[in-house]
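Trainee:
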Amino acid sequence: MPALVDYDVLGSHDAPLSPLCKLETLHLTIFISSGFIIDWTSAAQLLSTIQCKSTLHTVILGAQAFLAAEEEAKEHVDHAACDIKRVEDLLLGLATSGALNKVILSFGDYRHSDKRVQPFHEIVSCFKDIFPRLGKNGILTCIGVNKDCMDTLPIEILCAILAQVFEEDKRDLASYSLVSQLWRQIALPQLFETLRISYWIYDVSEDPYLAQHWHRSPYHILLPSVLAFLTRKPNIAASVRSLELMQDDWNAEATDPEMLFLIFNLLPSLRILELNEVPVGENVSDPSIKLVVDRPLDRLTINTNGCLAWGFEVPPAQYMLRTMSFFRSIDTLRLNGPFYMDRTLADDAASTGSPPLAWDAPKHLEIGNVYPLQPLVSMMHSQSLLQNVESLTIDVVVADDSEEMQALEGY
Numbered sequence: 001m002p003a004l005v006d007y008d009v010l011g012s013h014d015a016p017l018s019p020l021c022k023l024e025t026l027h028l029t030i031f032i033s034s035g036f037i038i039d040w041t042s043a044a045q046l047l048s049t050i051q052c053k054s055t056l057h058t059v060i061l062g063a064q065a066f067l068a069a070e071e072e073a074k075e076h077v078d079h080a081a082c083d084i085k086r087v088e089d090l091l092l093g094l095a096t097s098g099a100l101n102k103v104i105l106s107f108g109d110y111r112h113s114d115k116r117v118q119p120f121h122e123i124v125s126c127f128k129d130i131f132p133r134l135g136k137n138g139i140l141t142c143i144g145v146n147k148d149c150m151d152t153l154p155i156e157i158l159c160a161i162l163a164q165v166f167e168e169d170k171r172d173l174a175s176y177s178l179v180s181q182l183w184r185q186i187a188l189p190q191l192f193e194t195l196r197i198s199y200w201i202y203d204v205s206e207d208p209y210l211a212q213h214w215h216r217s218p219y220h221i222l223l224p225s226v227l228a229f230l231t232r233k234p235n236i237a238a239s240v241r242s243l244e245l246m247q248d249d250w251n252a253e254a255t256d257p258e259m260l261f262l263i264f265n266l267l268p269s270l271r272i273l274e275l276n277e278v279p280v281g282e283n284v285s286d287p288s289i290k291l292v293v294d295r296p297l298d299r300l301t302i303n304t305n306g307c308l309a310w311g312f313e314v315p316p317a318q319y320m321l322r323t324m325s326f327f328r329s330i331d332t333l334r335l336n337g338p339f340y341m342d343r344t345l346a347d348d349a350a351s352t353g354s355p356p357l358a359w360d361a362p363k364h365l366e367i368g369n370v371y372p373l374q375p376l377v378s379m380m381h382s383q384s385l386l387q388n389v390e391s392l393t394i395d396v397v398v399a400d401d402s403e404e405m406q407a408l409e410g411y
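Just so we're aligned: the sequence shown equals residues 1 to 411 in full-length UniProt numbering.
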């Protein structure tokens, strides 16, 4: 069953929610106008059919106000008092005996321009105390939205306001994005600020068990689909600040660097990149073309710990260098896990299979569970990757002898 329902209350008495046993978020749209209170009645009837008390954690009441004056608002509250109290009773019951911990009451100004004589906040103020017990319990959030005011504020400021409302839990943002076109512009940057993508390369069709139980999308389908989606939706692509890629089957076959380059290049706001078990291959179509995204990166994390956990071959250092070469500069570089490097060739830049990187070396280096350490440090020194390091953080180092312990001395 769906985890989120967006519902127009009008006529809701014909659609009880009892079959929705896994419902997590419920968004009810309530029309508020002079002499029209049936939506509060319908909302109460709808809430009374909820059986999913253990899963429902958020109820959003989106009030679309067509009220011209404060007097109309007070009259509406008086006429709908019984139904409003019943709605609060039902919500309190869900909070007491269930998982409900957030009720959001939002008001949208839907008056015609000739009806906007009185400031909208004065009309909304008539509704601020309609749920006193919910407010006392600390689960009620009230949002008054004036279209005129919202149209004059920059989207960035509105996004910052909404980010505070959903700082810890962003699951309701999808519902907010359906309220209106403007709210969609506000919610989407919050929804796609962090993007996590998992895929696999191994052909599971040859393994009946994996074919039945493995649910990750294959690389040749997922990444081109992600690329096509970001190409069609540049506004969403511009919202992504953090990208995490995870390849679920580390093996000899590497991820196509051209595909990664195209994805990175579509993300103008990308500042944080984390690659988990992602071996970056060579540019086989034309090695002479340098795939460089012309922007800096605040933080790059390369994690290869999983390859040992699953018994795969330790990755060569070329994978790390190819990943780093995508960007003009990286402020913080974090390396987790082993990297293979021939000790006898570690000081030779040519041994890495890549020319020295033409970019600003990282200012902050973090090493976690990296071994063997000495060959990796020698390789990084040969690539001039240590010359600008201002801070060094080492979590775990596996040292075979004193040579390993002294690997960073002299650099």
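Beta carbons are placed, not taken as given, at the ideal position from N, Cα and C, and that holds for glycine.
Opposite valine 293 in the DSSP bridges: which residues?
Mentor: DSSP, once it has assigned bridges, lists Phe327 as partnering valine 293.
Trainee: Is the distance from the Cβ of leucine 195 to the Cβ of valine 240 below 8 angstroms?
Mentor: yes
Trainee: Expressed to the nearest angstrom, what Euclidean distance is found between the alpha-carbon atoms of phenylalanine 131 and leucine 291?
Mentor: 57 angstroms
Trainee: From Ile30, Pro189, Arg86, Ile367, pick the residue whose C-alpha is nearest to that of serine 391; which is it?
Mentor: Ile367
Trainee: Can you list the beta strand (DSSP E) stretches of 3 or more residues lying completely in the region 25 to 62, in chain order?
Mentor: 25 to 32
Trainee: Give the range of the beta strand (DSSP E) segment to which serine 242 is assigned.
Mentor: 242 to 247
Trainee: Per DSSP, what kind of secondary structure is threonine 304 in: helix, strand or coil?
Mentor: DSSP places threonine 304 in the coil class of the three-state scheme, outside both helix and strand.
Trainee: Roughly how many angstroms lie between the CA atoms of aspartate 129 and leucine 100, to the nearest whole one?
Mentor: 20 angstroms
Trainee: Kindly give me the distance between the Cβ atoms of arginine 328 and arginine 295, rounded to whole angstroms, as I take these residues to be in contact under 8 angstroms.
Mentor: Between the beta-carbon of arginine 328 and that of arginine 295 there is about 6 angstroms, and that keeps the pair under the 8 angstroms contact cut.
Trainee: For glycine 138, count neighbouring C-beta atoms within 10 Å of its own C-beta (all shown protein chains included) and say buried if the count is 16 or more, exposed if not.
Mentor: exposed
Trainee: Would you tell me roughly how many angstroms separate the C-alpha atoms of leucine 90 and glutamine 190, rounded to the nearest one?
Mentor: 31 angstroms
Trainee: Mapping DSSP to helix, strand and coil, what is lysine 102?
Mentor: strand
Trainee: Determine whether the beta carbon atoms of isoleucine 32 and alanine 81 lie at a separation below 8 angstroms.
Mentor: no
Trainee: Just to check my reading of the structure: isoleucine 236 and leucine 188 have Cβ atoms closer than 8 angstroms, yes? What is that Cβ distance to the nearest angstrom?
Mentor: 6 angstroms
Trainee: Return the bridge partner residues of alanine 65 from the DSSP annotation.
Mentor: Ile32, Asp109
Trainee: I'd like to know whether the C-beta atoms of histidine 57 and lysine 85 end up nearer to each other than 8 angstroms.
Mentor: no
Trainee: According to DSSP, what are the bridge partners of cysteine 142?
Mentor: Bridge pairing for cysteine 142: Leu105 [DSSP].
Trainee: What does a CB cutoff of less than 6 angstroms around glutamate 244 pick up in its chain, not counting 5 residues either side in sequence?
Mentor: Taken in chain order, the residues that qualify are Arg196, Glu274.
Trainee: Roughly how far, in whole angstroms, is the beta-carbon of serine 225 from the beta-carbon of histidine 27, given that I think they are within contact range, below 8 angstroms?
Mentor: In fact, because the Cβ distance is near 28 angstroms, the residues do not count as touching under 8 angstroms.
Trainee: If serine 54 sits next to glycine 98, beta carbons under 8 angstroms apart, how far is it from one beta carbon to the other, in whole angstroms?
Mentor: 6 angstroms
Trainee: Could you give the residue range of the alpha helix (DSSP H) that holds glycine 368?
Mentor: Glycine 368 -> not in any alpha helix (DSSP H); beta strand (DSSP E) instead, spanning 364 to 368.
Trainee: Run through DSSP, which three-state label would arginine 271 get?
Mentor: coil
Trainee: Of the residues Arg334, Glu70, Ala163, Tyr110, which one's Cα is nearest the Cα of serine 125?
Mentor: Glu70
Trainee: Does the beta-carbon distance from glycine 297 to isoleucine 330 come in below 8 angstroms?
Mentor: Looking at the sequence provided, one finds leucine at residue 297 rather than glycine. Yes, the Cβ-Cβ distance between leucine 297 and isoleucine 330 is below 8 angstroms.
Trainee: Just mark arginine 232 as buried or exposed, buried being the case when its beta carbon has 16 or more other beta carbons within 10 Å.
Mentor: An exposed status is given to arginine 232, since fewer than 16 other beta-carbon atoms sit within 10 Å of its beta-carbon.
Trainee: Can you say whether glycine 353 is buried or exposed, counting buried as having 16 or more other CB atoms within 10 angstroms of its CB?
Mentor: Reliability of the predicted coordinates at glycine 353 is poor, the pLDDT of 46 falling under 50, and the value obtained from them is presented with this limitation in mind. Glycine 353 is exposed by the Cβ-count criterion.
Trainee: Closest by CA to arginine 271, which one among Val293, Ala73, Thr25, Asn305?
Mentor: Val293
Trainee: How should threonine 393 be labelled, buried or exposed, when 16 other C-beta atoms within 10 angstroms of its C-beta is the threshold for buried?
Mentor: exposed
Trainee: DSSP three-state label for isoleucine 130, please.
Mentor: coil
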